[in-house]
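In the UniProt record's numbering, the protein residues as written are 1 to 1079.
Where is the CB? At the ideal position from N, CA and C, for every residue including glycine.
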Amino acid sequence: MASSSFNVPLIKHDLFISFRGEIRTSFLCHLIKRLRDDRIISFFVDEENLGAGDEISSALLQAIEESSISLVIFSKDYASSRWCMEELVKIIECKEQYQRTLVPVFYNVDPSHVRHQKRTFEEAFDVHTEKYRENMAKVQNWRSALRKAADLSGIHYPSTFIRNEVELIEKIIEVVNEKLPPICPNKSKGVVGIDEQVKSIESLLAKMEPNEVGILGIWGMGGIGKTTIAQVIFNKYSSQYEGCCFLKNVREESERHGLDYLYEQLFSQLLKKQNLLVKGSANAISAIYERRLSQKEVLIVLDDVDTSDILDYLTGEQTCLAPGSRVIVTTRDKQILIAARAHRIYEVKRLSFKSSLELFCIKAFNKSYPENGYKKLSQMAVNYANGIPLALKVLGSFLCSKSAVVWKNALKKLQSCPDKRIFNVLKLSYDGLDDSDKSIFLDIAYFFKGECKDNVTRFLDSCSFYADVGIDNLESKALITISYNRIQMHDLIQQMGWEVVRQESNKDPTELTRINKPEDFHNLLKNSKGTNLVEGIMIDLSQIGDLHFNADTFKNMPQLRFLKFYAPWDEKQLNVYIPIPLEPFSARLKYLEWNSYPLNSLSSMFCVEQLVELRMPNSQISKLWDGTQELPNLIVLYLYGCKKLVELPDFSKATKLKTIDLWNCEKLCQLHPSILSIQTLEELYLTGCTKLKCVKSNLKSLKTFYAYNCLSLEKFSVSSEKLSDLDISFWRIKSLPNEIRSFFSLEYLCLSNCRKLIDLPRNIKAQSRLRALDVSGCSSLRAIPELPPSIEELYAVDCTSLETIFNLKAVFSLNRRKISFANCVRLEQESVNDIMEDAHLTIFRNVLLLSADPDQMINYYYYHKMLGCVCYPGYKVPKWFGCETRGASIIIELHQPYYELLGFFFCCVISQNLPSYYFEELDLVNIKCEYRHFGDGVKDTFVSKNLNFVSKRRCSCDHVLIWTDPFGSENILGEIERCRLRGGSDDDDSTCNQKMSFRFSIDRPKRGKRVQIRRENDEDCFIKGCGVIPMYASTLLDAIQNLELEFNLKPHHNPIPGINLDEVKSMMIRKSKGKSKLH
């Protein structure tokens, strides 16, 4: 079947010859001599009698599988040989299963005698029937094989046209050559780093149904290697189809010759006919060809398809292709594949740095590594190409045999002037966009790379660009990617966008439509005329030196939609000089951001009607403007760090305003009443407004309210049914405001450093959506009441009065993933015991997550969701760990087969003597683990980062830290697998009873003081104990079943959102039996 074409044995021989020994020294030896003399057809023939004996040789059966054509020479005594009959059965099997070709030769026998077993064939079967009377099924298989072979069109000797053996040999050579698939040039030589991608595509092809015409798309940006990968697949498998065709450069060839020409090329190659004339699919001749094609399983590659019309024209509704045929399409536009209903779509990945360096060096040095003196330069070139094979080949070929000085100058030039060949290939995707999408692409290339998609969409929509459609088109054409809701763009594609704008302006700075380079902006300011084309400006003010504006600078930019002057957060002084008054900005301005704006207010003539976002961080303004402005489109107001701001204007006409950020506006004493009445407001940030005294509102749409460190706040009343995030850290409160008790949508509640807070309301357990609670630094808090099962994160660091945690394990929950009670030195032992028991569930929950979706380990965001961590005061590893020791090192034994391993739990006891400067900025700590598999002694390390620990104050006691690390576990499992393979073992049980060692240490901080350690190069002196648990599928299965009994969980109950316990159990059952491998 066609789907098995990607699971069948690879072709090693053109021809397998099946014969009876009676012709070995006569006709056969002449045929073999002719084949050897021609050296065109590779063949396999049993000249050493490998089939001798009672059982046919496995070498012969393998040779049949690995041959494209089987030539069966039926002579008078052929059927008398048991081995000949077994060969024939295997040949028929390969024909039916793998689409191999069978050519029967009737050598001095009548085909009807073969078909019906007459004459000598009947005599042979009389003997077989007597000999194998206990196994008549075998004899029936032989009869069936003879009938099927004799039904095929074959070569008859003697006949009217074949009168002697010389003519017979010529006819055999002719027929075999005709039936051999075309020889494809092997262009895989020199291909680097695509083996895994080829395997992934083979896997997708193998999953297609055998009775369908399967379409597979290979999609990616220009130059990323789509054609190369398709060629490798085609070369490898084309011989296994009855017809094959690789149509290169479909886009270019259709533009040059038209679609009819491509149609003719397709039919000519598939039907092996030269100069076919096909003028439209409705033509009668075309219908004949389509009918013939519908009887053949074919492999087609359509390379560089850029419109769905071409694909529709070439494949139609797939009616002219036989079931089992495969069509592989390479394209830059994913939408084409979706429109064609492609069964599978594979996105080509960029090369790794290692593969990139190897490919570059092959082109630059004709070897796989850099020459002496060129290592850093080679790395610079590879970084520039950023995993794109085309760029690596072009740069490598260009720099080949050139001096290091030329290399340096060439690489420097590339930063501002891209290579023409690379530019032209990438620009093809841009040329295929409509005007609106081109504008979106250029805006992203200049201003929005790496930005949040929602923010970009908001701006583009305000410019009437239909952002959702445009962004989707750019993503489909592989010009951008969306990763974690941020828009990303390859550096070379971004540079292509910059060059497009420069070429359109004839490299005249006054004609540029977009500017993001300081030198271009300086040149623009020097010219007081001709700037009316500029639509967007984004400049890093710290890179521009002194900047002097004229009063009419922005008046001369009537098309300006986007203006962003930014600077690094730690930039102390920006030398920007603005005359007073400054004439107003463009009436078309949608986005204005000006870091450290030097005037105390915006122009009174400032037109804000079209403004969508106003961002003035760290500015000198004391007020925005006088009076009430028309603000019908304003959505975001961002005044972070405006420390001189004393008042805000009337925002009653800002009917779309959703976000207001007044972080660290230290002199702001009150909010304008209109702000607290905006019914569209969703986010309000007042953190650090230390003089703010009153906040009263009824904002029904408010979802996020941050009032961290509002030390003067006396009156607080906020009512919102949608409030999900609330931070009132450092408030001087003894109990929570009554309003908070009614926030039933609350998901995140931060009360850190509310040092007078004595208790939490008992009904907090009714907050059914609460996922994170932070009471760290609440030094007067003595108890934490029962919490809702939804809690995932609980931080109670430095709660020095905390004694009791009520009912931590009373309500069954597998949601918790991060818990820290560091420096809670007064905790009762019963509460500590509950924490230890809950830690078991917390870590268990993370292994469940990993088991339910192991592929998510490569997802950075998901990694942090799975990084389980528990910290509490203690001096020894919990007993349930089993594998534990004092000190920083431990050796464990792997008791189960490799295929059962899921991952590992880790535990360290950290000394109270750990210096505070070991902690990261957010009170987190990194632990390094060095591990070694005793199979071959290879060492490796990983670092578990950002583990919740203690604040920057000194530890008050020793602490137990328990965690899971999906990346770390994956690294260890990978090393175990590599060790197993290096040892030459394919046995998954080979890891049983093998040992591993682990050594833990606190990872040194990158900045700050260096630690005075007790022994040279020894950072494990702060680890007083450690433990490691290997988690197996069978163990996890037992744990799930025990939990179901203990907590009376009913069938289909799913205690963790998104995880089906029944499915996990089924997976663990398969894995414990070695039938499912997650890694």
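Which of helix, strand or coil DSSP assigns to residue i
i: Lys412; result: helix
i: Tyr1032; result: strand
i: Tyr384; result: helix
i: Gln592; result: The question names Gln, but residue 592 in the sequence shown is Leu. If DSSP states are grouped into helix, strand and coil, Leu592 belongs with the strands.
i: Ser352; result: coil
i: Ile733; result: coil
i: Gly432; result: coil
i: Asn926; result: strand
i: Gln679; result: coil
i: Ile1013; result: Legend: pLDDT at Ile1013 = 40, less than 50; position of this residue unreliable, value from coordinates given subsequently. Of the three classes helix, strand and coil, the one that applies to Ile1013 here is coil, per DSSP.
i: Val301; result: strand
i: Pro873; result: strand
i: Gly214; result: strand
i: Pro518; result: helix
i: Trp663; result: coil
i: Glu739; result: helix
i: Trp219; result: strand
i: Phe448; result: helix
i: Phe19; result: coil
Cβ-Cβ distance between residue i and residue j below 7 angstroms
i: Phe447; j: Met538; result: yes
i: residue 1160; j: Arg771; result: Beyond the ends of the chain as shown, which are 1 and 1079, falls residue 1160; an answer cannot be given.
i: Trp219; j: Lys334; result: yes
i: Ser944; j: Ile962; result: no
i: Gly545; j: Phe562; result: no
i: Asn828; j: Thr804; result: Residue 828 is actually Glu in this sequence, not Asn. Contact flag set, yes.
i: Ala339; j: Ile215; result: no
i: Pro9; j: Glu96; result: no
i: Leu676; j: Ser697; result: yes
i: Phe161; j: Ile73; result: no
i: Gln629; j: Val608; result: yes
i: Val348; j: Lys226; result: yes
i: Phe423; j: Met496; result: yes
For residue i, the residue or residues it bridges with in DSSP
i: His13; result: Ser67
i: Ile162; result: For Ile162, which the question treats as bridged, DSSP gives no partner whatsoever.
i: Leu781; result: The partner list for Leu781 (beta bridge, DSSP) is empty, contrary to what the question assumes.
i: Tyr566; result: Asp540
i: Met557; result: DSSP lists no partner for Met557.
i: Glu884; result: Gly1027
i: Lys939; result: Arg932
i: Leu293; result: Leu293 pairs with nothing; no bridge assigned.
Where the alpha helix (DSSP H) containing residue i begins and where it ends
i: Pro111; result: Pro111 to His116
i: Met232; result: The question names Met, but residue 232 is Val in the sequence shown. Lys226 to Tyr237 is the extent of the alpha helix (DSSP H) around Val232.
i: Arg251; result: Val250 to His257
i: Lys715; result: Note, Lys715: premise wrong, no alpha helix (DSSP H); beta strand (DSSP E) at Lys715 to Val718.
i: Ala124; result: Thr120 to Lys131
i: Asp472; result: Ala467 to Ser476
Buried or exposed (CB count within 10 angstroms, at least 16 for buried), residue i
i: Ala206; result: exposed
i: Arg163; result: exposed
i: His672; result: exposed
i: Ser153; result: exposed
i: Leu802; result: buried
i: Val870; result: buried
i: Thr228; result: buried
i: Glu613; result: buried
i: Ile493; result: buried
i: His548; result: exposed
Residue i - containing beta strand (DSSP E), residue span
i: Trp963; result: His959 to Thr964
i: Leu686; result: Neither: Leu686 is in no beta strand (DSSP E) and is coded neither H nor E.
i: Ile890; result: Ser889 to Leu894
i: Glu87; result: Run containing Glu87: none in the beta strand (DSSP E); it sits in the alpha helix (DSSP H), Arg82 to Tyr98.
i: Gly545; result: Run containing Gly545: none; DSSP gives neither H nor E here.
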